[in-house]
Amino acid sequence: MPSSRLLDADLLHLRRRVLAPAKIAKELLPATNRTGYWATLLKENSILLITTLEIFTIAIAAGIVGSILGLGGGIIIVPSLTLLFGVSMRSAVAASTVSIIATSTGAAVAFLRDRLTNTRVAMWLEMGTATGALSGALIAGYLDQRFLFILFGLLLAYSGYNMFRTRKAELPGEVVPDRLSKKLNLAGSYYDRMLGRRVEYQVTRTLPGLIIMYFSGAAAGLLGIGAGIFKVPAMDQVMRMPFKASTATSNFMIGVTAASGAVVYFARGDVKPLVAGPVVLGVLLGAVLGARLMVRMKTSTIRKLFIPLLVYTAIEMIYRGVKG
Amino acid sequence: MMPETHHEAPSRHEPIEMVLARLLRLGSMIAAILLAVGIGAMLLGHTGFAPRLITAGLLTLLATPIMRVVVAGLIFARDRDWRFAFFCLVVLCALVAGVLLGHGHGE
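Chain order of the listed sequences is A and B. Going by my numbering, the first sequence opens with residue 11, and the numbers climb by one from there. Going by my numbering, the second sequence opens with residue 347, and the numbers climb by one from there.
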């Protein structure tokens, strides 16, 4: 149990506490017994080392899951930091927000190279998420959070049901692009390593997609939940993009929205370097690994991983809304 | 099918995906090195500069996606794809406004 209490405070204090007795021991002990000093130091340091390694391991897992599914991984990071390590909610959310940037940046390199990321769709939709997050932050406090939790929870449950229906489809069928999609030249193509061929695709319902992104950005600003879980279904089910292109493009987008939130957390001093450091490095490595796995995975496998998370988040949101 | 506004395959330039991939790789590598050295120093007991190295790593990572929007905007402008350059500008303005607003809220 000591590790959980220790991490809650600034780890710097911990280090001073640990080192002070060791220094005293060094001064008091005769020179012949110096090995005793090092043994003490090592023993005391091992708590810090083990805690850091534990956080690091969980962060790698979160990075892998987040990069495969196009999510931030906050769903793993925040509960682990608060429940397992006793980190305060504020520091945990701040560390998680910076780690969303790590997931996005770490995985995007591989996705961009394989052309899985549709940069034009991403830029178009980022307008929605960025302005949505802004208005969400502006109107926060004027809206009933409970109602929003239930509303967005039900929306997620519905998209979970839709995704379950199409769980076996590897690619969307014939998609007719709408006028705006043609005008903005949103069609894309990528080489699918799993199928072993180039996939050409069209994008449709361009404006509804942007509007959904606006509300998902607002939801992220209002409710403090990851917007990735809304972005993937919006691109997959509404705009009819291939699932892999949807998760890769969502992954690309989440970093930008998270960056604006992270700046604020930094300014408030919520980002504790000794907690956020191991988390972010782990997530970064996990995301690089996860992206390499994802490009070789079957769409149906990724969907099977996505659906339970979608259902879990939907239930959690509805629960929070009902409980108040 | 080909819209009149966008010229496919501007052969003189590298595709935008590759430019952005290099930018993001550079950002994440610098961040990873700073973080790894910082965490290593922390475990060895250098309490003075370890947190500063880690913070530098975190800030590098934070700046990367913002730089990505700026660079994407510049590439779209270079390709005279004014619509998408404008989209990038909207995103940047919303980000800046969000940061300023967040500072106002800070307790």
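Virtual Cβ for every residue (Gly too), placed ideally from N, Cα, C.
Short Cβ contact (8 Å threshold) for residue i with residue j
i               : j               : result
A396 of chain B : A382 of chain B : no
A112 of chain A : G142 of chain A : no
V266 of chain A : G116 of chain A : no
M173 of chain A : R313 of chain A : yes
R125 of chain A : Y201 of chain A : yes
L122 of chain A : E363 of chain B : yes
F253 of chain A : T309 of chain A : yes
L294 of chain A : A418 of chain B : no
L320 of chain A : G170 of chain A : yes
L135 of chain A : L233 of chain A : no
L441 of chain B : A140 of chain A : yes
V186 of chain A : T214 of chain A : yes
V285 of chain A : V445 of chain B : no
G287 of chain A : G384 of chain B : yes
T92 of chain A  : A268 of chain A : no
L372 of chain B : L399 of chain B : no
I160 of chain A : I328 of chain A : yes
L81 of chain A  : I317 of chain A : no
S145 of chain A : A228 of chain A : yes
Residue(s) in a DSSP beta bridge with residue i
i               : result
V209 of chain A : A:Y200
Delimiting residues of the alpha helix (DSSP H) encompassing residue i
i               : result
A167 of chain A : Q155 to R175
L380 of chain B : I362 to L389
T139 of chain A : T129 to I149
V108 of chain A : M99 to R123
F395 of chain B : Where F395 of chain B is concerned, there is no enclosing alpha helix (DSSP H), given that its DSSP letter is neither H nor E.
E180 of chain A : Looking at the DSSP string, E180 of chain A is not in any alpha helix (DSSP H), and its letter there is neither H nor E.
L94 of chain A  : Neither: L94 of chain A is in no alpha helix (DSSP H) and is coded neither H nor E.
L190 of chain A : R189 to K193
K314 of chain A : T309 to K333
M223 of chain A : T216 to L233
V88 of chain A  : G84 to P89
V242 of chain A : G238 to P243
CA nearest to the CA of residue i, picked from the options
i               : options                           : result
L366 of chain B : B:G391, B:T401 and B:I421         : B:I421
G206 of chain A : A:R306, A:V293 and A:A269         : A:R306
F95 of chain A  : A:I60, A:L161, A:T311 and A:S114  : A:I60
S374 of chain B : B:G384, B:A440 and B:A409         : B:A409
K241 of chain A : A:G231, A:L232, A:R250 and A:S226 : A:S226
D280 of chain A : A:N55, A:G300, A:S101 and A:A268  : A:S101
A105 of chain A : A:V75, A:G138, A:F66 and A:V131   : A:F66
I70 of chain A  : A:G292, A:F162, A:M327 and A:I325 : A:G292
M245 of chain A : A:L63, A:N55, A:L79 and A:I87     : A:L79
S77 of chain A  : A:T127, A:L161 and A:G151         : A:T127
I110 of chain A : A:P218, A:S98 and A:I86           : A:I86
I149 of chain A : A:R189, A:L190 and A:A230         : A:A230
G271 of chain A : A:A147, A:E64, A:F157 and A:D154  : A:A147
L194 of chain A : A:V131, A:I222 and A:M204         : A:V131
T401 of chain B : A:I325, A:G198 and A:F276         : A:F276
R278 of chain A : A:I317, A:A324, A:V332 and A:V103 : A:V103
E180 of chain A : A:T62, A:I239, A:I160 and A:S256  : A:S256
G394 of chain B : A:P283, A:K333, A:I325 and A:V289 : A:P283
I222 of chain A : A:K192, A:V209 and A:L166         : A:L166
- Task: Just list the alpha helix (DSSP H) runs in the segment 250-305 of chain A, keeping only unbroken ones of 4 residues or longer that don't cross its boundaries, in chain order.
- Result: 253-278 and 283-304
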